[in-house]
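Here the structure comes first, spelled out in structure tokens, and everything after it is commentary.
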Ligand code: SF4
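In this note's numbering, the protein residues as written are 103 to 900.
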């Protein structure tokens, strides 16, 4: 059977011709909008007969393999045949490749860039062959983004010369292409015979997998709400793998909000591999977590893993690809050490060839760090599988917001005074501008918001970036270099967001001591997510809590044709004792009065069975108050408290205490929506119950109030969008900790009178049948009965 391998010109050239260090110096941040405009400006200035953005592909059959090289030429000047046959050079065909730079144009002409020339020669060959030309001109145009000037480097090539260049390129790539082709064969054969890895689907799991399969095949979006325990990860990955095998999608991006969720996806792939699947997957770990030289800059002078990176990376990639299927963090780090290459860059290189990429949401959505190599340079039929998608609303708000502070500008200023007087002046102007904002804040109790973008500040920041970049490009050393570089990256990120500023944004300013924090705050990320979703052919959003569906449908940026699926719990109702203490108010101003009632309700719930319990609170302060009141009443219980800013290790230690229960009850006091609020699996007797105090409303803050005002204006649901829906999401996530498997049994007690009001009640899962509790004695009785029933049932089963 003939295998087809597609490769973009850019990737072909990069894979075969890249040499040297990872980065030989500062190159400037990518300025996409400016670069697009520069391309258009050059293209528009060209004469009649010039065609911009010409797509081209070329097939090379080699044995059982067809290599398809394709790409898009920035411009082609192809005059009419009469003109072409004339002696006039203006009548000759030329192709143009446009590159933008923030560096010196003279450097561009002096330092020949082998990748740029490799690209244009490849295009020239393909175009000349397509049009049966014996020779062709090439124009490599460099456009300086800051000055608007450009130079054109012109060369003419005979077809024979181009042919030998191209043949050499293909020869070098061919061995790798045939590795990819045989891999594809192995992978697809394994997918064809792959069965669901368990004897049976769990209730609801098959419906979920089928719906996802159909959505992926039709290149649609789908929102799936499925309760914990249904086996969501497998229900998503299994159909996605099947679609990959049928070439319905080209690559799977499994996108997560947390590191632990990436481990779950890796485990699910391992289970599929144990059933015969052959699939290459890579897990991307953040650069700062995986870096071997945290003190060094990413260049050949400072980091040995960057030095000669491109001389070694090809071999490292090919070796790893041929010997492993799962490129997890451990594998990447050990290979990177063996091959002396940067572990983060190695993982990005492996991502190019992997079938599944497991990574944080950032890599698909964040305008500052999304993977341009896929979504801009080599777009394809990608599938986004978005895990715990309820988190994406808040994460997207962060990704599409940006902030700066006044102090770093002020700190940098004296250090550049003598060497960079121009920058020194700009920093002075920036400081004065920020002082003006600070004064305005002072007049408004320290906090101010403005629906308009901070235009004067943006002009000054642009000037700062221009001057900073100019100096940084020279790669000189100076004591202030690191601080300048940090501020440069902060401000370029800020300007990327500034370019997106629209009515969904607000400028927030806050005075903190002498400092000022200025934030471009994205209140509604839907438009930006909607645009980012065009990077994939299909997106599956899945979570245990996507209620209400309209809210998530809107805020996640889903299109009108996006489907929705809601699945019920797969577990026996009788395994969960669900109680609501609806006579207690936990509203902020009622808390002192209701403290004792809350404590009594908790004691009644946890006092009937020795076990492990999680108690969820809306804030650390409230948690502490209840703990102080409760601990003397339960002297035999061990108590653990979540404290602000706990590290990953603290979290692990905390959870490790939730081993099987001993002879003492363990109470974990935690905060709703915090690090214990979701994504923890305490199966069986590791967790006997959860008590949720309050309806989980996020605290009142200037930003939440802005969200409230915005949605009150735009859809009359301000309070719901800012507080009720995010709050109830936390409540449901907290309650979802208790029943994780079909043999789990446990209690959930919700304490707040608001749970019985329509505003909150209709957000509770349809399959819940809670009992409403007037007082603690009823709670004791109900919980006691529940455990007795469970004990009796267990005895019967035994
Ligand atoms: S190892 Fe660290 S410093 Fe070196 S190139 Fe990689 S990320 Fe940069």
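Each residue gets a CB set at the ideal place from its N, CA and C atoms; glycine is no exception.
Restricting attention to 372, 289 and 645, the CA atom closest to the CA of residue 344 is found in 289. In the three-state reduction of the DSSP assignment, residue 552 falls in the strand class.
The ligand SF4 approaches residue 446 closely enough that one of its heavy atoms is under 7 Å from the residue's Cβ.
In terms of Cβ geometry, residue 613 and residue 470 do not form a close pair [threshold 8 Å]. Annotation for residue 416: no beta strand (DSSP E) segment contains it, though the alpha helix (DSSP H) segment containing it runs 411-425. Per the coordinates, the alpha-carbon of residue 667 lies some 56 Å from the alpha-carbon of residue 530. In the structure shown, the three-state DSSP call for residue 846 is coil.
Annotation for residue 398 indicates a beta carbon within 7 Å of some heavy atom of the ligand SF4.
For residue 218, the CB contacts under 7 Å within the same chain, skipping 5 residues up- and downstream, are 199, 201 and 242 in chain order.
Residue 794 and residue 853 have their C-alpha atoms some 6 Å from each other. Annotation for residue 527 indicates a beta carbon at 7 Å or more from all heavy atoms of the ligand SF4.
For the region 157-232, the continuous beta strand (DSSP E) assignments of 3+ residues that do not extend past its boundaries occur at 167-179 and 196-203, in sequence order. Taking residue 641 as the centre and dropping the five residues before and after it, the same chain places the C-beta of 323, 486, 488 and 635 closer than 7 Å to its C-beta, in chain order. By the C-beta density criterion, residue 109 is buried, having at least 16 other C-beta atoms within 10 angstroms. Each residue's CA atom was taken as its position, placing residue 380 and residue 292 some 6 Å apart. By the neighbour-count definition (other C-beta atoms within 10 Å, threshold 16), residue 163 is an exposed residue. By the Cβ-count criterion, residue 447 is buried, with 16 or more other Cβ atoms from all chains shown falling within 10 Å of its own Cβ. Secondary structure note for residue 639: it is in no beta strand (DSSP E), with a DSSP letter that is neither H nor E. Taken through DSSP and simplified to helix, strand or coil, residue 794 comes out as strand. Measuring C-alpha to C-alpha distances from residue 855 to each of 754, 699, 802 and 733 identifies 699 as the nearest. Around the beta-carbon of residue 695, fewer than 16 other beta-carbon atoms lie within 10 Å, marking it exposed. Apart from sequence neighbours up to five positions away, the residues of its chain that approach residue 158 with a beta-carbon distance below 8 Å are 172, 173, 174, 175, 225, 228, 229 and 232, ordered along the chain. The DSSP assignment places 261-294 as complete runs of the alpha helix (DSSP H) inside the region 259-311, in order along the chain (cut-off: 4 residues). When only Cα atoms are considered, residue 619 and residue 721 end up about 24 Å apart. In chain order, 693 and 697 place their CB closer than 8 Å to the CB of residue 727, counting only its own chain and leaving out the 5 sequence neighbours on each side. Here the region 770-783 makes contact with the region 751-761; the two share three or more CB pairs at distances below 8 Å. In the three-state reduction of the DSSP assignment, residue 610 falls in the strand class. Burial state of residue 609 is buried, judged by a 10 Å Cβ sphere holding 16 or more other Cβ atoms. Around the beta carbon of residue 464, a 10 Å sphere encloses 16 or more other beta carbons of the protein chains shown; the residue is thus reported as buried. Beta-bridge analysis with DSSP links residue 665 to 324. Judged by their CB atoms, residue 792 and residue 833 are not nearer to each other than the 8 Å cut-off. By the CB criterion at 8 Å, residue 258 and residue 167 fall outside the cutoff. In this structure, residue 857 and residue 679 do not form a Cβ contact; the two beta carbons are roughly 16 Å apart against a cut-off of 8 Å. By a beta-carbon distance limit of 8 Å, residue 359 contacts residue 490. Their separation comes to about 5 Å. Per DSSP, the unbroken alpha helix (DSSP H) holding residue 831 starts and ends at 827-837. Per DSSP, residue 787 lies in no alpha helix (DSSP H) and is assigned neither H nor E.
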